[in-house]
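Novice: Numbering (my numbering), first residue to last: 444 to 611.
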Amino acid sequence: MEALIARLRERFPTAIQEVITFRGETTVVVPREALVEVCTYLRDEEGFNVLADLCAVDYLPRTPRFAVNYHLLSLDHRRRLRVKVFVEEEDPVVPTVTGVWPGANWHEREAFDLMRIRFEGHPDPRRILLPAEWEGHPLRKELPVVVEEIAYSFNKARIYAEKPFARE
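1. Looking at the unbroken beta strand (DSSP E) that takes in V500, where does it start and where does it end?
2. What are the boundary residues of the alpha helix (DSSP H) that H550 is part of?
3. To the nearest angstrom, report how far apart N618 and R601 are at their CA atoms.
4. Mind checking whether V543 and R486 have CB atoms under 8 Å apart?
5. Would the beta-carbon of L640 fall within 8 Å of that of I463?
6. Quick one: is V473 buried, meaning 16 or more other Cβ sit within 10 Å of its Cβ, or exposed?
7. On a Cα-Cα basis, can you pick out the residue from R505, D496 and D534 that is closest to V540?
8. For R570, I'd like the list of residues in its chain whose CB is within less than 6 Å of its CB, leaving aside the five on either flank, ordered along the chain.
9. Which two residues bound the contiguous alpha helix (DSSP H) that contains I448?
10. How far does the beta strand (DSSP E) with T470 in it reach, from first residue to last?
11. Do G490 and D534 have their beta-carbon atoms positioned less than 8 Å apart in this structure?
12. What is the residue span of the alpha helix (DSSP H) that R486 lies within?
13. Tell whether a beta-carbon distance below 8 Å holds between N512 and V530.
14. Can you tell me the Cα-Cα spacing of R525 and E480, whole angstroms?
15. Using CA atoms only, rank isn't needed, just tell me which of E585, P607 and R552 is closest to H565.
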């Protein structure tokens with residue numbers, strides 16, 4: 444992995460902002476402006492032919508607030524790499540990588556649907572899980588946490604007695 448990181452630093456001297464290795468997993472942090480170029484290089488030159496996952500993270504109250512993680516897999520070389528892009532709350536936009544890995548399509552739609560991270564240039568930027576008229580993005584940390592006790596057979600009477608419809 445050290446040789447790969449050295450090649451990345453040589454090829455993209457200003458784009459590799461940080462390299463983190465934690466518990467055997469390496470993460471490379473890049474700016475959104477370099478994302479597609481770095482991902483294309485990783486696919487074409489380093490053999491990362493699979494985008495295993497793409498997910499967005501809300502780090503509220505940290506700044507930058509959001510990150511998009513790209514979990515890459517090289518089947519030929521049997522190695523994994525995470526590419527991370529941080530985005531600000533005011534402008535949560537990253538370029539799409541559907542041109543690099545077509546399988547990113549639904550992952551990016553899910554990240555938009557649940558976190559409101561926009562993927563510039565995405566071929567079909569519609570919601571994928573929630574109805575089109577749904578307001579908000581449920582995995583963002585700004586929404587209030589609501590806990591409702593679940594009714595089971597042993598506590599059903601007490602739970603239902605406390606429900607608003609029981610008071611009407």
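Quick reminder that beta carbons are idealized off the backbone N, C-alpha and C, glycines included.
Treat the numbers as computed from the prediction; the structure is a model and nothing was measured.
Specialist: With the structure as the only source:
1. V493 to D501
2. A547 to M558
3. Only positions 444 to 611 of the chain appear in this structure, which leaves residue 618 out of reach.
4. A distance below 8 Å separates the beta carbons of V543 and R486.
5. Summary: the structure shown does not reach residue 640, with the chain confined to residues 444 through 611, and so no result is reported for it.
6. buried
7. D496
8. D556
9. E445 to R454
10. E468 to V472
11. no
12. Going by DSSP, R486 is part of the alpha helix (DSSP H) stretching over L478 to D487.
13. no
14. 15 Å
15. Comparing Cα-Cα distances from H565 to each of E585, P607 and R552, the minimum goes to R552.
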